Amino acid sequence: AVRAYDDKMWFLARNPFSKDFLVALVVRYGQFIKTIFGKRKKCLVLDADNTLWGGIVGEDGVNGIELGHSYPGNVYRQIQQTAKQYSHQGVILALNSKNNIEDVKEVFDKHPDMVLEWDDFASVRVNWKSKVENMREIADELNIGIDGLVFVDDNPFEIEMMKQAYLEVQTIRFTDNVLRNLGLIRGLDAFQSMQILESDLEKTQQYKDNAKRNRLRMSKASLEDFYRSLEMRAEIRSCSELDIKRVAQLTQKTNQFNLTTRRYTEADVEQFVHSENCRVYT
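Sequential numbering from 761 applies to the sequence shown in our numbering.
Following this line, the structure appears as structure tokens:
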């Protein structure tokens, strides 16, 4: 909160507002402008140690990290809760940590005060490789641009390396001040949206599914093995009333599989469905 009015500013410049208020106002307007022009980031990439919990799990063990219902563990719980809320607003979560994956997974599996779950993360890179390299792999696995990522880490070296490698990645550096860290992640404007649609939430699951498919594809020896492992089944049926809206949307959006390039409205599709001279299949 900032003080809005300043008598000195009024008598000097006939402006009743304080400098701090004007700065806050400009920042707020900037957030709305970015939202309007579609500059919303897509993915929040989090470190683990001293980010999701206090301490280093490889040294302190699962029971030794700071995470619980008393300070500072309760602040780390709130940081996790904030990340969870972002995921409920259509933001993708990813994990990028230099660690033994067994140690990190054990925290998720066994610590009673974890808010985030392993399955909340669409992409996971827990290893000893460069975090810059991991970041590129995360973007590729999710099939999004590197400029759609926000990176949170407590190590100033990792933050600087990320800045030098990818200027378009927004970086958030956590410090020893956990309350400041909570304020930083709560105050992120990168994920603001004028309206959260159901399709935004569906996209989050789609990104998770795509990432799983990409990991599965990399583990298969051939493309044929990959397709077989998916065990996909195609169902062809008559178009129902519930399908009409989606069928119309696909004719408007899809080019690659629209052999006629004709576009149809919902009214058009509904007319086809009820016509004796037409058959509509989905």
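Don't be surprised by glycine CBs; every beta carbon is placed ideally from N, CA and C. Note that the structure is predicted; figures quoted are calculated from it, not measured.
Can you tell me which of the three DSSP states residue i falls into?
i	result
V851	coil
R988	helix
A784	helix
D873	coil
F911	strand
L944	helix
R896	helix
A950	coil
A843	helix
K858	strand
E1036	coil
Y831	coil
Y1024	coil
N887	strand
A1008	helix
E866	helix
G815	coil
E1030	helix
D936	coil
E826	strand
L1002	helix
D807	coil
G790	helix
K963	helix
K802	coil
R993	coil
Which residue or residues does DSSP assign as beta-bridge partners of residue i?
i	result
W770	Note: W770 sits in no beta bridge, so no partner.
Y1048	Here the chain comprises residues numbered 761 to 1042, so residue 1048 is not present and cannot be evaluated.
Q930	V910
F881	L853
L902	In the DSSP output, where bridge partners are listed per residue, L902 has none listed.
L1019	According to DSSP, L1019 bridges with nothing at all.
Y1041	S998
Quick one: what's got a C-beta closer than 6 angstroms to residue i's C-beta in the same chain, skipping five residues either side?
i	result
D913	D807 and I919
L944	I932
N974	E901
Q841	V875
A971	A882, S883, E901 and L902
R946	T842
I861	V886
W888	K858
W878	F868
V938	P832 and V835
Apart from the five residues just before and just after residue i, which ones in its own chain have a Cβ nearer than 8 angstroms to its Cβ?
i	result
R1057	Nothing in the structure corresponds to residue 1057, since the chain is present only between 761 and 1042.
V1007	C999, Y1024, V1029, V1040 and T1042
T964	S847, G850, V851, I852 and A882
L942	V835, Q838, I839 and T842
M769	N775, P776, F777, S778 and K779
K923	V929 and T931
K844	V875, L876 and D880
E826	W813, G814, G815, P832, G833 and Y836
Thinking residue i and residue j are a contact (beta carbons under 8 angstroms), I'd like their distance in whole angstroms, please.
i	j	result
C999	Y1041	6 angstroms
V929	V867	26 angstroms between Cβ atoms; not a contact.
F911	M895	7 angstroms
V1066	I1004	Here the chain has residues from 761 to 1042 only, and residue 1066 is not among them.
A854	V892	A854 to V892, Cβ: 14 angstroms. No contact.
V805	I898	6 angstroms
F934	N1018	Actually they are not in contact, since the Cβ atoms of F934 and N1018 sit about 48 angstroms apart, beyond 8 angstroms.
C803	L909	5 angstroms
Skipping 5 residues on each side, what residues in its chain have a beta carbon closer than 7 angstroms to that of residue i?
i	result
Y765	P776, F777 and S778
V864	A808, V817, S857 and V886
G824	G815
E1036	none
E1026	I1004, K1005 and A1008
V822	E866, V867, K870 and H871
D969	none
Hey, would you say the C-beta of residue i is under 8 angstroms away from at least one heavy atom of the ligand SAM?
i	result
A950	For the ligand SAM, the structure offers nothing, since it holds no ligand at all.
> For the segment 897-911 against the segment 860-880, are there 3 or more C-beta pairs whose distance is under 8 angstroms?
Replying inline: no
> On the three-pair Cβ rule with 8 angstroms, is the segment 829-838 touching the segment 879-886?
Replying inline: no
> Any contact of the segment 778-788 with the segment 817-833, i.e. 3+ C-beta pairs under 8 angstroms?
Replying inline: no
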